[in-house]
Amino acid sequence: MDTNALAWIHRTANLYTALKTMSVDVESAISIKAEGMRQEFVSRHHVSLERPDKLAVEHTYGVLGSTLVYRETNIVIYIPELKRYFEKEAPAGIDGLLTEEGLEISGVLDRAVPVLTTLISTNPYERIMQDNTEVKLLPSETIEGKEYVRLHLSEKLGSVELWIAVGEEPLLYKVEADVSQKMAEEQGVTEGEFEFKMTTLFTHWNLNRPIESRRFIFTPPPGALPGNMEEEADEESLFSDEPEGP
Numbered sequence: 025m026d027t028n029a030l031a032w033i034h035r036t037a038n039l040y041t042a043l044k045t046m047s048v049d050v051e052s053a054i055s056i057k058a059e060g061m062r063q064e065f066v067s068r069h070h071v072s073l074e075r076p077d078k079l080a081v082e083h084t085y086g087v088l089g090s091t092l093v094y095r096e097t098n099i100v101i102y103i104p105e106l107k108r109y110f111e112k113e114a115p116a117g118i119d120g121l122l123t124e125e126g127l128e129i130s131g132v133l134d135r136a137v138p139v140l141t142t143l144i145s146t147n148p149y150e151r152i153m154q155d156n157t158e159v160k161l162l163p164s165e166t167i168e169g170k171e172y173v174r175l176h177l178s179e180k181l182g183s184v185e186l187w188i189a190v191g192e193e194p195l196l197y198k199v200e201a202d203v204s205q206k207m208a209e210e211q212g213v214t215e216g217e218f219e220f221k222m223t224t225l226f227t228h229w230n231l232n233r234p235i236e237s238r239r240f241i242f243t244p245p246p247g248a249l250p251g252n253m254e255e256e257a258d259e260e261s262l263f264s265d266e267p268e269g270p
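In case it helps, the working numbering puts the sequence shown at residues 25 to 270.
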């Protein structure tokens, strides 16, 4: 492992572990190629966090994505495409929420805000490292006058590149994930015939500043209907943001 790269992961993990509150705008672009056709999707979310027990991921744009509002021991997930929302009791504390297997929450968050979900959890450094077989430092890049270090993380069936700001606050700026091999295996298609890449930008960070209480209150949009998680025949597909193939 590249010791300089590991040092950057430590610095970044320590920053997010120490945060009391934060908010950020997130834009994700998904590119899928299958059967000779390419599809591209863009979605936007606004993320708000107030430890120990408030988290909101608000879907603001795009056909893909969900809104998630967690407060104390209650969680609501709203799926704009279905115009349905689902309310349920949840574990107390953000880390309990992220690790509760029956809720499928970590998957929902990972699709909306990849890597950030791990950074706001307990022991983010260990969680980042547990699935990666190689971590290395790439040449830095300057974007709009700001310097960013680039980290390349490799795992068995994919890779991720991170752009992290150089300075006192090593903030996450960009994530590029290539999970083509993993998705091809899940879809049962030949590697090379299927491509799944995702680029996510994180902008307008606000750290340790008061967050409006309304961010953690879900108000059903006009026309939205309540649903019941337990009554769904296929909960996994219900909360999947993965678009249908061409």
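Each residue gets a CB set at the ideal place from its N, CA and C atoms; glycine is no exception.
For E165 and E200, the rounded distance between their alpha carbons: 14 Å
Taking only the alpha-carbon atoms, compute the straight-line gap between L231 and R75 and give it to the nearest angstrom. 12 Å
Expressed to the nearest angstrom, what Euclidean distance is found between the alpha-carbon atoms of I33 and V87? 33 Å
Is the stretch 94-104 close to the stretch 63-80, with three or more CB pairs under 8 Å? yes
Assign E105 to one of two classes, buried (16 or more other C-beta atoms within 10 Å of its C-beta) or exposed (fewer than that). exposed
Please list the terminal residues of the continuous beta strand (DSSP E) segment that includes A58. T45 to A58
Counting only runs that start and end within the stretch 80-108, where is the beta strand (DSSP E) found for 3 or more residues in a row? 91-95 and 98-103
Looking at C-alpha atoms only, which residue of I188, T214 and E192 is the closest neighbour of T224? I188
To the nearest angstrom, how far is the alpha carbon of R239 from that of G89? 17 Å
Does the beta-carbon of K243 have 16 or more other beta-carbons within 10 angstroms, so that it is buried, or is it exposed? Position check: residue 243 holds Thr in this sequence, whereas Lys was assumed. Exposed is the call here.
Shorter than 7 Å, the distance from the beta carbon of T41 to the closest heavy atom of the ligand ATP, or not? For the ligand ATP, the structure offers nothing, since it holds no ligand at all.
Indicate whether the contact test is met: 3 or more Cβ pairs, each with one atom in the stretch 170-179 and one in the stretch 115-126, closer than 8 Å. no
With a cut-off of 8 Å on the beta carbons, I'd call W229 and V48 a contact; round off their distance for me. 5 Å
Given this structure, state the Cα-to-Cα distance separating I167 from G251, to the nearest angstrom. 44 Å
Quick one: grab the DSSP three-state call for R174. strand
Helix, strand or coil, according to DSSP, for V132 in the structure here? helix
For L39, collect the residues of the same chain with a Cβ closer than 7 Å to its Cβ; drop the 5 residues on either side in sequence, then sort them by chain order. E193 and P194
Return the CA-CA distance between A257 and Y109, expressed in angstroms with no decimal places. Residue placement at A257 is poorly supported in this model, since its pLDDT is 39, which falls under 50; the coordinates still yield a value, given next. Spanning the two alpha carbons is a distance of roughly 16 Å.
Is the beta carbon of P148 closer than 8 Å to that of T157? no
Near Y85, which residues of its chain fall below 6 Å by C-beta distance, leaving aside the five closest residues on each side in sequence? R68
So who's on the other strand from V159, going by DSSP bridges? L177
Alpha carbon to alpha carbon, how far is S183 from D155? 11 Å
Relative to the C-alpha of M61, which candidate in F218, D134, T227 and V203 has its C-alpha closest? F218
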